[in-house]
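Participant: Chains A and B, in that order, give the protein sequences.
Read in the working numbering, the first sequence has 27 at position 22, and its numbers run on one by one without any break.
Read in the working numbering, the second sequence has 247 at position 238, and its numbers run on one by one without any break.
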Amino acid sequence: MTLIEKIKAIYPSLVDEDFAPKGTIRLQNDSDGKGDYIAKWEHPTLAKPTDAQLEAVNK
Amino acid sequence: MSGTLQADFLQPQSNAGLSILNPSGNTVMASINSAGIFSSTGSLLVANTGNVFSTGNVTASGVVTASNVTASGVITSNTLTSNTLVLTGSTSGSVSLVAPAVSGTNTATLPAATGTVMVSGAMPAFSAYATTGQSLTTSIYQKINFGATSFDTASAFNTSTSRFVAPIAGYYQVNHRGGIGGSGVYYPNIYKNGSNYLSGSVSYYVSGIDNTGSISTIMQLAVNDYIEIYAYVNTAATSTYTRAATDFSAVLVRTL
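Structural data, given as structure tokens:
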């Protein structure tokens, strides 16, 4: 499950347009082996998911 | 009286200084006053070099007007020390600085402008390219790796981190070209110090041709500022690689 899929699972109201380049949420990967992460979260109403929330999506 | 004078010291007998007279003894050709300042009524010929410094060529402010020094306009000196050295050119030609021939002769030609003179050896430039394809995930800004360089004049591009670190503050021309195979969009971005600085342009898929994106700008970098390339794709794909298919390059255009 990709990071964007996890976030959408936590917040089903989010759509692709909420994510960069158009939206206020930017997901990033620095190609350093540490994987994808949330580089910017400026959504006006939804809080940035915690690591625990993201991990819980896998279970 | 012969024309040769040999002495360890010449000492004036009064505070008036020393004078050198013409052969007839009725005209002062040159003198050293009590303050130690040398002056000449005519030209001063430097015997070993043949160069002539004429009166009026050195002003009260210490400016040497080079065009009158010799017929060729050359001032030759092993050491020229001054707080400020002003070389003023004419309306044509050029003003050149010729370095001592330590390992050859170097000439710097000054432009008709005010600013910092730069030489190519002090202007970093690099060109890097990808050596392997990267798996790019949709909706993720992923840093693009460039595993090799065609040139890197200042050793400022790190192929391990795919990062250019500015060794000199100034304005840099930065370019990138990349792409993916397949029908998705490759959307390139220049990152400066870890944040998106500028997004590039994309081209849409044409069968048989990689989908490419490119970006070019001039940006100001301070010493140790770093730039990287991140790409966004709307469909999972593998990035292009090889020298012909990818490029990340920059060159210092001018200092601040």
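Here a beta-carbon is modelled for each residue, glycine too, at the ideal position from N, C-alpha and C.
Small disclaimer: the values here were computed from a predicted structure and weren't measured.
Would the beta-carbon of ALA137(B) fall within 9 Å of that of SER171(B)?
Facilitator: yes
Participant: ILE199(B) lies in the beta strand (DSSP E); which residues open and close that run?
Facilitator: 195–201
Participant: For GLY4(A), which of THR146(B), PRO21(B), ARG263(B), LEU30(B) has the nearest alpha-carbon?
Facilitator: This structure leaves residue 4(A) out entirely; chain A is present only between 6 and 64.
Participant: Alpha carbon to alpha carbon, what distance is there between PHE166(B) and TYR304(B)?
Facilitator: Because chain B in this structure spans residues 10 to 265, residue 304(B) falls outside the shown range and cannot be described.
Participant: Nearest CA to the CA of ALA139(B): which residue from TYR180(B), GLY187(B), ALA175(B)?
Facilitator: GLY187(B)
Participant: What residues from chain A crowd round THR264(B), counting only those whose CB sits closer than 9 Å?
Facilitator: By Cβ distance, chain A contributes nothing, its closest Cβ being about 30 Å from THR264(B), past 9 Å.
Participant: In this structure, does DSSP put ILE9(A) in helix, strand or coil?
Facilitator: helix
Participant: Secondary structure at ASP23(A), three-state DSSP: helix, strand or coil?
Facilitator: helix
Participant: Give a yes or no on whether the C-beta atoms belonging to ILE153(B) and ILE224(B) are separated by under 9 Å.
Facilitator: no
Participant: Throw me the rounded Cβ distance for the ASN34(A) and ILE149(B) pair, which I believe falls under 8 Å.
Facilitator: 5 Å
Participant: Should PRO49(A) be labelled buried (16 or more other beta-carbon atoms within 10 Å of its own) or exposed?
Facilitator: exposed
Participant: Against TYR241(B), what residues of chain A qualify as contacts under a CB-to-CB distance less than 8 Å, listed in chain order?
Facilitator: ALA25, PRO26
Participant: By the 9 Å beta-carbon criterion, what residues does the segment 31–44 of chain A contribute toward chain B?
Facilitator: ARG31, LEU32, GLN33, ASN34, ASP35, SER36, ASP37, ASP41, ALA44
Participant: May I have the straight-line CA-CA distance separating SER18(A) from VAL232(B), to the nearest angstrom?
Facilitator: 44 Å
Participant: Taking Cβ-Cβ distances below 8 Å as the criterion, which residues of the segment 7–22 of chain A are in contact with chain B?
Facilitator: Within the segment 7–22 of chain A, the residues whose Cβ lies closer than 8 Å to any Cβ of chain B are, in chain order, THR7, LEU8, ILE9, ASP21.
Participant: Give the interface partners of SER208(B) over in chain A, defined as CB-CB distance under 7 Å, in chain order.
Facilitator: PRO26
Participant: Comparing the C-beta of LYS152(B) with each C-beta of chain A, is any distance below 9 Å?
Facilitator: yes
Participant: Put ILE15(A) into one of helix, strand or coil per three-state DSSP.
Facilitator: helix
Participant: Hey, is ILE199(B)'s beta-carbon within less than 9 Å of any beta-carbon in chain A?
Facilitator: no
Participant: Could you pull the start and end residues of the beta strand (DSSP E) that GLU237(B) belongs to?
Facilitator: The continuous beta strand (DSSP E) containing GLU237(B) extends over residues 235–242.
Participant: Does the beta carbon of SER148(B) sit closer than 9 Å to a beta carbon anywhere in chain A?
Facilitator: Residue contact with chain A for SER148(B): present (Cβ-Cβ distance below 9 Å to some residue of chain A).
Participant: By the three-class DSSP mapping on this structure, what secondary structure does VAL262(B) have?
Facilitator: strand
Participant: I want to verify the contact list: residues of chain A whose CB lies under 9 Å from the CB of TYR235(B), in sequence order.
Facilitator: Near TYR235(B) there are no residues of chain A at all, since even the closest Cβ is about 12 Å away, more than 9 Å.
Participant: When DSSP labels each residue in this structure, what does SER129(B) get in the three-state scheme?
Facilitator: helix
Participant: Using beta-carbon positions only, say whether ASN184(B) and ASP256(B) come within less than 9 Å of one another.
Facilitator: It is a contact, given that the beta carbons lie within the stated cut-off.
Participant: Can you name the residues that DSSP bridges to PHE257(B)?
Facilitator: ALA137(B), HIS185(B)
Participant: Please confirm whether SER40(B) and LEU27(B) have their CB atoms less than 9 Å apart.
Facilitator: yes
Participant: Check whether the Cβ of GLN6(B) lies closer than 9 Å to any Cβ atom in chain A.
Facilitator: Since the first and last residues shown for chain B are 10 and 265, residue 6(B) lies out of range.
Participant: When the Cα of GLY38(A) is compared with those of SER144(B), ASP234(B), GLY34(B), which residue comes out closest?
Facilitator: SER144(B)
Participant: Only counting the same chain, and skipping five residues up and downstream in sequence, which positions put a Cβ closer than 6 Å to that of ILE15(A)?
Facilitator: PRO54, GLN58
Participant: Identify which residue in THR168(B), SER210(B), TYR180(B) has its Cα closest to the Cα of THR141(B).
Facilitator: THR168(B)
Participant: On the criterion of 16 or more Cβ atoms from any shown chain inside 10 Å, does VAL55(B) qualify as buried, or is it exposed?
Facilitator: Because the pLDDT of VAL55(B) is 48, which lies under 50, any placement of that residue in the model is unreliable, and the number read from its coordinates should be weighed accordingly. VAL55(B) is exposed by the Cβ-count criterion.
Participant: Taking the alpha carbon of ASP219(B) as the point to measure from, which residue in GLY102(B), ASN24(B), VAL194(B) has its own alpha carbon closest?
Facilitator: VAL194(B)
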